[in-house]
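Novice: Sharing a structure, written as C-alpha cells. Questions coming.
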Amino acid sequence: MSEGKATVLLEHHLKALRLPTMLREYAPVAAACTTDRADYASYLLRLTERELLDRERRAADRRLKAARLPVMKTLDTFKFAAQPSVNQSLVRELMRGEYMAKHENVLIVGNSGTGKTHLATALAFAACAQGRKVRFWTVTQLVRQLLESREERSLQRLFTQMERHHLLVLDELGYVPFTKAGAELLFEVVSRAYERQSLLVTTNLPFENWTEVFGSERLTGALLDRLTHRVHILEANGDSYRLKEAKKGRKRPRSQPKGPEHTPEQGVDPTTDGGIIT
Ligand code: ADP
Ligand code: MG
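Our numbering applies: residue 1463 is where the sequence shown begins, and numbers increase by one.
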C-alpha cells in the first residue's frame, strides 16, 4: 500500500473511531518517538494517553457548561481571612466531594455578600472536575421553571432531568417568599433528592424563619427534616465582602488587575444580583 493511501485510510479510521487527539497527534508523536528511539508499544501508549486526557478534559468542560454556573468562581480566589466565620477545614473537606457519594447535603447560611454564592460555585466547579453531574439554579429560577413545567404538563420530564444529577445547587433561598404551589413543588424537589442526590442550598435565613418563605409550618418542618438529616452546615456571618470592597475601592491603586473573578471597583457584582447591595 502506498504511504499516501495508508495515511488517508488511517485518518479515516481514527475519525470513524472518534479519536480526534490521536488523529491530530499521530504524526508529531511518531516523530518524537523516532527521536527518542521509543518502541511501537510506547508510541501507542503515548497516543492513547493523550486521547484519554483530552477526552477527560472535554467531558469536564461539557459538565461545567451543563452545570450553568452563573459566574466562574473557584476556591483559589476565596479569601478565608476576609471571612473568618467560614469553617475553612470543612470547606476543604467538602471540596474533595465525598459528601456526594454519601448523598449528603450542604447548607451555606449567612448574610448577603459573605461569599455564599462564591463558595457554592467553587464546590460545584470542583464537583464537575470530579466527574459529577451538577446543575445550578437560583431558587427563584427553579421555582419559576417548576411552575411553568407544571403548566405545560412537563413536570415529570423536569424531575427526571433533575434526577440525573449528582448535585443540585439551589442558590438564594429566602430572598423571595413562595406561593403555595411554588413551596409544594420545591418540597417535592427536596423529597426526591433525599438520600439519592446531594443538595447544596445557600440562604440568608436562619431555620426559624423558613416558615415565612414556605408559608406552611408543616411543610417547612418536613422539608427541613429531609434537608438537614445528613447535612454539612457552613456559616458565613461576617460583614459583606461587597460592602468592604466598595469602601476600599476608592483607595485601591488603579493598577490592580481586574479579571472576571474580580469584584468591581464599586463593590457591586452585576453577575450575581443586579448590583443591589441587599
Ligand atoms: P453572597 O452569595 O453571600 O451574597 P457572593 O458569593 O455573591 O455573596 O459574594 C459577593 C462578591 O464578593 C462576589 O464577587 C464574591 O466573589 C466576593 N467575595 C465574597 N466573599 C469573599 C471572600 N471571602 N474572598 C474573596 N471574594 C469574596
Ligand atoms: Mg448569593
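For glycine and all other residues, C-beta sits at the position ideal for the given N, C-alpha and C.
For E1465, count neighbouring C-beta atoms within 10 Å of its own C-beta (all shown protein chains included) and say buried if the count is 16 or more, exposed if not.
Specialist: Exposed, by the Cβ-count rule.
Novice: Expressed to the nearest angstrom, what Euclidean distance is found between the alpha-carbon atoms of G1700 and K1642?
Specialist: Distance between the alpha carbons of G1700 and K1642: 33 Å.
Novice: So, for Q1592: in the same chain, excluding its five sequence neighbours on each side, which residues have a beta-carbon less than 6 Å away from its beta-carbon?
Specialist: Only G1559 meet the Cβ criterion.
Novice: Check whether the Cβ of K1578 sits closer than 8 Å to any heavy atom of ligand 3, and report yes or no.
Specialist: You won't find ligand 3 in this model; what it holds is ligand 1 and ligand 2.
Novice: Assign G1683 to buried or exposed, taking buried as 16 or more other Cβ atoms, counted over all protein chains shown, within 10 Å of its Cβ.
Specialist: It is exposed - the Cβ of G1683 has fewer than 16 other Cβ atoms within 10 Å.
Novice: At what residues does the beta strand (DSSP E) containing T1755 begin and finish?
Specialist: Because the chain in this structure spans residues 1463 to 1740, residue 1755 falls outside the shown range and cannot be described.
Novice: In three-state terms, what does DSSP make of A1468?
Specialist: Helix at A1468.
Novice: Could you tell me whether the stretch 1587-1606 touches the stretch 1622-1640, where touching means 3 or more Cβ pairs closer than 8 Å?
Specialist: The stretch 1587-1606 is in contact with the stretch 1622-1640.
Novice: Report the three-state DSSP secondary structure of L1476 (helix, strand or coil).
Specialist: Helix at L1476.
Novice: Let me check one thing: in DSSP terms, what residues is D1633 bridge-paired to?
Specialist: Answer by DSSP bridge pairing, in chain order: T1600.
Novice: Going by DSSP in three states, V1548 sits in which element: helix, strand or coil?
Specialist: Reduced to three states, the DSSP call for V1548 is coil.
Novice: For E1511, is the beta carbon positioned less than 8 Å from some heavy atom of ligand 1?
Specialist: Answer for E1511: no, Cβ out of range of ligand 1.
Novice: How close, in whole Å, do the beta carbons of F1598 and A1529 come, if the pair is a contact with beta carbons under 8 Å?
Specialist: Going by Cβ atoms, the distance from F1598 to A1529 rounds to 6 Å, so yes, they are a contact pair.
Novice: According to the neighbour-count rule (16 or more other Cβ atoms, all chains shown, within 10 Å of its Cβ), is H1474 buried or exposed?
Specialist: The residue is exposed, with fewer than 16 neighbouring Cβ atoms inside 10 Å.
Novice: Could you give the DSSP three-state label for Q1718: helix, strand or coil?
Specialist: At Q1718, the pLDDT of 46 sits below 50, so the modelled position is not reliable; the number obtained from the coordinates is stated separately. In this structure, Q1718 counts as coil in the three-state DSSP scheme.
Novice: Would you kindly report the start and end of the unbroken alpha helix (DSSP H) that includes H1694?
Specialist: Taken as a continuous stretch (DSSP letters only), H1694 belongs to no alpha helix (DSSP H), being part of the beta strand (DSSP E) at 1693-1698.
Novice: Distance, Cα to Cα, Y1637 vs A1521?
Specialist: Distance between the alpha carbons of Y1637 and A1521 is about 34 Å.
Novice: According to the neighbour-count rule (16 or more other Cβ atoms, all chains shown, within 10 Å of its Cβ), is Q1545 buried or exposed?
Specialist: Result: buried.
Novice: Can you check which of these residues, V1571, Q1623, A1468, R1654, is closest to N1671 by C-alpha distance?
Specialist: N1671 has its Cα closest to that of V1571, out of V1571, Q1623, A1468, R1654.
Novice: What is the DSSP secondary structure of N1454, reduced to helix, strand or coil?
Specialist: Residue 1454 cannot be examined here, being either before or after the span of the chain that is shown, 1463 to 1740.
Novice: Using 8 Å for Cβ pairs, my map puts A1698 next to T1576. What's the rounded Cβ distance?
Specialist: Going by Cβ atoms, the distance from A1698 to T1576 rounds to 4 Å, so yes, they are a contact pair.
Novice: Between A1503, L1537, E1566, Q1607, which lies nearest to T1583 when the distance is taken from Cα to Cα?
Specialist: Minimum Cα distance to T1583 is reached at L1537.
Novice: Quick check: the Cα distance between L1513 and E1674, rounded to an integer number of angstroms?
Specialist: Looking at the sequence shown, residue 1513 is not Leu but Glu. Computed Cα separation, rounded: 53 Å.
Novice: Can you tell me whether T1664 sits near ligand 2, meaning its C-beta is under 8 Å from at least one heavy atom of the ligand?
Specialist: Because some heavy atom of ligand 2 lies under 8 Å away, the Cβ of T1664 counts as near it: yes.
Novice: With a Cβ-Cβ cutoff of 9 Å, do N1666 and N1549 count as a contact?
Specialist: Not a contact, by the Cβ cut-off of 9 Å.
Novice: Give the range of the alpha helix (DSSP H) segment to which L1585 is assigned.
Specialist: Where L1585 is concerned, the enclosing alpha helix (DSSP H) stretches over 1578-1591.
Novice: Nearest to L1506 by CA position, among K1527, R1615, L1481, R1680, is which residue?
Specialist: That would be L1481, whose Cα lies nearest to the Cα of L1506.
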